[in-house]
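Asks: Next up is a structure, given as structure tokens.
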Amino acid sequence: MTALTASFADRTVLRVGYGALQLERLHDRRDEAIQLLRHAVELGVDHVDTAEFYGFGFVNAVIREALRPEDGVLVVTKVGADPNPGGRLPLRLAQRPEQLHASVEDNLRSLGVDRLPVVNLRRLDTGPGLRPEGDQVVGLDDQLAVMTALRDEGKIGAIGLSSVTLDGLRRALPAGIACVQNAYSLVSRDDEDMLQLCAAEGIAWVPFFPLGGAFPGLPKVTEEPVVHAVAESLGVAPSQVGLAWLLHHAPNVLLIPGTADAAHLEANLAAGKITIDAETLATLDAIESRSNDVPIG
1 MTALTASFAD
11 RTVLRVGYGA
21 LQLERLHDRR
31 DEAIQLLRHA
41 VELGVDHVDT
51 AEFYGFGFVN
61 AVIREALRPE
71 DGVLVVTKVG
81 ADPNPGGRLP
91 LRLAQRPEQL
101 HASVEDNLRS
111 LGVDRLPVVN
121 LRRLDTGPGL
131 RPEGDQVVGL
141 DDQLAVMTAL
151 RDEGKIGAIG
161 LSSVTLDGLR
171 RALPAGIACV
181 QNAYSLVSRD
191 DEDMLQLCAA
201 EGIAWVPFFP
211 LGGAFPGLPK
221 VTEEPVVHAV
231 AESLGVAPSQ
241 VGLAWLLHHA
251 PNVLLIPGTA
261 DAAHLEANLA
271 AGKITIDAET
281 LATLDAIESR
291 SNDVPIG
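For the sequence shown, counting from 1, position 285 maps to 285 in the UniProt record's numbering; every step adds exactly one.
This is the structure:
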């Protein structure tokens, strides 16, 4: 069995946390959203990932109401985009230094705190998703300067990076990086070298799309016959195999699968206790990796 906990931002957290994006599906059932988050905490979740642009502030509001200081939950947020109600996409890029500063202030206000323990800078240099254009093309050094200043002010505890390249991570290391969030899964391992660099540097690797692409045309873990065969042999769901593989693959991997369903939440957390032997792990490792570096929008 893999270790159930790992170090993150000077804390020890359960390796399977909760990505709060899916709470926006409960926008018209606020009490259910609060109950689901409380249930996650009762199950031991102590790492929650969020952003002001999730549900146009709804998700942060739920977190503020549901979580209590005594819960000891590490709430990680992100900047680099802002809510865009009524737009073709539900968010707009906000990469300029003054926008990053404003986004930090927005998260502080909506979460009702005076310090954000970890803030991810969403760079959008790689992986599926939008690409910056025009005045949204901003140098990493300029962005790190404002993030570091906010950390020095005490408004940020630690800095993370998201959708960053290997070169970008290397350039950012002197600033002190706590985590990297990139698209990564059993079927899309483009960033293997970056994961290994993070492991060597003591940086948490927190993959989004841990079961493959959420966009059409991108590979999915649960469509692999080998994954289904392993799941049947272990008596678990294919999605649980995909999550368990990530935890076995490297000790610095932390997961933040999201859901709006209590049973699905419990299944995700149970994946942290699945044991995969060396032979089975090798079989899964042999699955072909396909690129997910696809611009969207």
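For every residue, glycine included, the Cβ atom is placed at its ideal position computed from N, Cα and C.
How many Å lie between I203 and A178 at the Cα?
Replies: Numbered from its first residue, the sequence shown carries residue 203 at position 203. Numbered from its first residue, the sequence shown carries residue 178 at position 178. Rounded to the nearest angstrom, the two C-alpha atoms are 5 angstroms apart.
Asks: What does the Cβ neighbour count give for G134, buried or exposed, with the cut at 16 atoms within 10 Å?
Replies: Here residue 134 is taken as the residue at index 134 of the sequence shown, counted from 1. By the 10 Å Cβ count, G134 comes out exposed.
Asks: Could you work out which residue in D10, N107 and R15 is closest to K273 when comparing CA atoms only?
Replies: Indexing the sequence shown from 1 puts residue 273 at position 273. The option with the nearest alpha carbon to K273 is R15.
Asks: Indicate the three-state DSSP secondary structure (helix, strand or coil) for N120 in the structure shown.
Replies: As a working note, residue 120 is residue 120 in the sequence shown. DSSP places N120 in strand when its eight states are reduced to three.
Asks: Are there 16 or more other CB atoms within 10 angstroms of the CB of T280, so buried, or fewer, so exposed?
Replies: Taking the first residue of the sequence shown as 1, we reach residue 280 at position 280. By the 10 Å Cβ count, T280 comes out buried.
Asks: Return the CA-CA distance between I63 and H47, expressed in angstroms with no decimal places.
Replies: Looking up residue 63 in the sequence shown gives position 63. Looking up residue 47 in the sequence shown gives position 47. Near 12 angstroms, if we compare the C-alpha coordinates of H47 and I63.
Asks: Please work out which residues of its chain come closer than 7 angstroms, Cβ to Cβ, to residue 376, disregarding the five sequence neighbours upstream and downstream, and give them in chain order.
Replies: Nothing in the structure corresponds to residue 376, since the chain is present only between 1 and 297.
Asks: Could you pull out every residue in the same chain whose Cβ sits closer than 8 angstroms to the Cβ of A231, ignoring the five residues on either side in sequence?
Replies: In the sequence shown, residue 231 corresponds to position 231, counting from 1. So the list reads A237, P238, Q240 and V241, once near-sequence residues are dropped.
Asks: Rounded to a whole number of angstroms, what is the C-alpha to C-alpha distance between L144 and P132?
Replies: Counted from its first residue, the sequence shown places residue 144 at position 144. Counted from its first residue, the sequence shown places residue 132 at position 132. Each residue's Cα considered, the two are about 17 angstroms apart.
Asks: Might you give, ordered along the chain, the residues of its own chain that have their beta carbon closer than 7 angstroms to the beta carbon of A40, omitting 5 neighbours on each side?
Replies: On the sequence shown, position 40 is the one that residue 40 refers to. Excluding positions up to five away in sequence, the list reads Y18 and L265.
Asks: Is Q181 near G160, with beta carbons less than 8 angstroms apart?
Replies: As a working mapping, residue 181 is identified with position 181 in the sequence shown. As a working mapping, residue 160 is identified with position 160 in the sequence shown. Yes; because the gap between Cβ atoms is below 8 angstroms, this pair is in contact.
Asks: Just checking my contact of A66 with I34 at CB under 8 angstroms: how many whole Å lie between their CB atoms?
Replies: As a working note, residue 66 is residue 66 in the sequence shown. As a working note, residue 34 is residue 34 in the sequence shown. 4 angstroms between Cβ atoms; contact.
Asks: Between the Cα of L4 and the Cα atoms of D167, H248, P69 and E98, which residue gives the shortest distance?
Replies: Residue numbering aside, residue 4 sits at position 4 when the sequence shown is read from its first letter. Of the candidates D167, H248, P69 and E98, the one whose C-alpha sits nearest the C-alpha of L4 is H248.
Asks: Among A282, A286, I287 and L254, whose alpha-carbon lies nearest the alpha-carbon of S7?
Replies: Start at 1 with the first residue of the sequence shown, and residue 7 comes out as number 7. Cα-wise, what sits closest to S7 is L254.
Asks: Does the distance from the C-beta atom of L93 to that of Q136 stay below 8 angstroms?
Replies: Taking the first residue of the sequence shown as 1, we reach residue 93 at position 93. Taking the first residue of the sequence shown as 1, we reach residue 136 at position 136. Yes. Within cutoff.
Asks: Should S291 go down as buried or exposed, given a rule of 16 or more other Cβ atoms within 10 Å for buried?
Replies: Here residue 291 corresponds to residue number 291 of the sequence shown, with the count starting at 1. Counting Cβ neighbours within 10 Å, S291 comes out exposed, since fewer than 16 surround it.
Asks: Inspect the beta-carbon positions of G127 and A183 and report whether they are closer than 8 angstroms.
Replies: Start at 1 with the first residue of the sequence shown, and residue 127 comes out as number 127. Start at 1 with the first residue of the sequence shown, and residue 183 comes out as number 183. Cβ atoms of G127 and A183: closer than 8 angstroms.
Asks: Just the C-alpha distance for P85 and L74, rounded to the nearest angstrom, thanks.
Replies: Indexing the sequence shown from 1 puts residue 85 at position 85. Indexing the sequence shown from 1 puts residue 74 at position 74. Cα-Cα distance, rounded: 28 angstroms.
Asks: Pull the bridge partners of G212 from the DSSP assignment, please.
Replies: Taking the sequence shown and counting its residues from 1, one reaches residue 212 at position 212. Partner(s): K220.
Asks: Provide the residue span of the alpha helix (DSSP H) that contains L234, from first to last.
Replies: Here residue 234 corresponds to residue number 234 of the sequence shown, with the count starting at 1. Start and end: P225 to L234.
Asks: Is Q22 buried or exposed, if buried means 16 or more other CB atoms sit within 10 Å of its CB?
Replies: Residue numbering aside, residue 22 sits at position 22 when the sequence shown is read from its first letter. Label assigned to Q22: buried.
Asks: Alpha helix (DSSP H) containing T148: first to last residue?
Replies: Taking the sequence shown and counting its residues from 1, one reaches residue 148 at position 148. Counting along the chain, the alpha helix (DSSP H) containing T148 begins and ends at L140 to E153.
Asks: Is it the case that the Cβ atoms of T148 and V226 are separated by a distance below 8 angstroms?
Replies: Translated into positions along the sequence shown, residue 148 becomes position 148. Translated into positions along the sequence shown, residue 226 becomes position 226. No. Outside cutoff.
Asks: Looking only at its own chain, which residues have a Cβ that is under 7 angstroms from the Cβ of L173, when we skip the five neighbours before and after it?
Replies: Looking up residue 173 in the sequence shown gives position 173. Correct list, in chain order: E201.
Asks: If the criterion is Cβ atoms closer than 8 angstroms, does the pair R122 and V79 meet it?
Replies: Here residue 122 refers to the residue found at position 122 of the sequence shown. Here residue 79 refers to the residue found at position 79 of the sequence shown. For R122 and V79, yes; Cβs fall inside 8 angstroms.
Asks: Specify the secondary structure class of L43 as computed by DSSP and reduced to three states.
Replies: Here residue 43 refers to the residue found at position 43 when the sequence shown is read from its first residue. Here L43 sits in coil by DSSP.
Asks: Between H101 and H228, what straight-line distance do the alpha-carbon atoms span, to the nearest angstrom?
Replies: For the purposes of this step, residue 101 is taken as the residue at position 101 of the sequence shown. For the purposes of this step, residue 228 is taken as the residue at position 228 of the sequence shown. Near 45 angstroms, if we compare the C-alpha coordinates of H228 and H101.
Asks: What's the gap between the Cα of P219 and the Cα of D261?
Replies: Within the sequence shown, numbered from 1, the residue matching residue 219 stands at position 219. Within the sequence shown, numbered from 1, the residue matching residue 261 stands at position 261. P219 and D261: Cα-Cα distance of roughly 24 angstroms.
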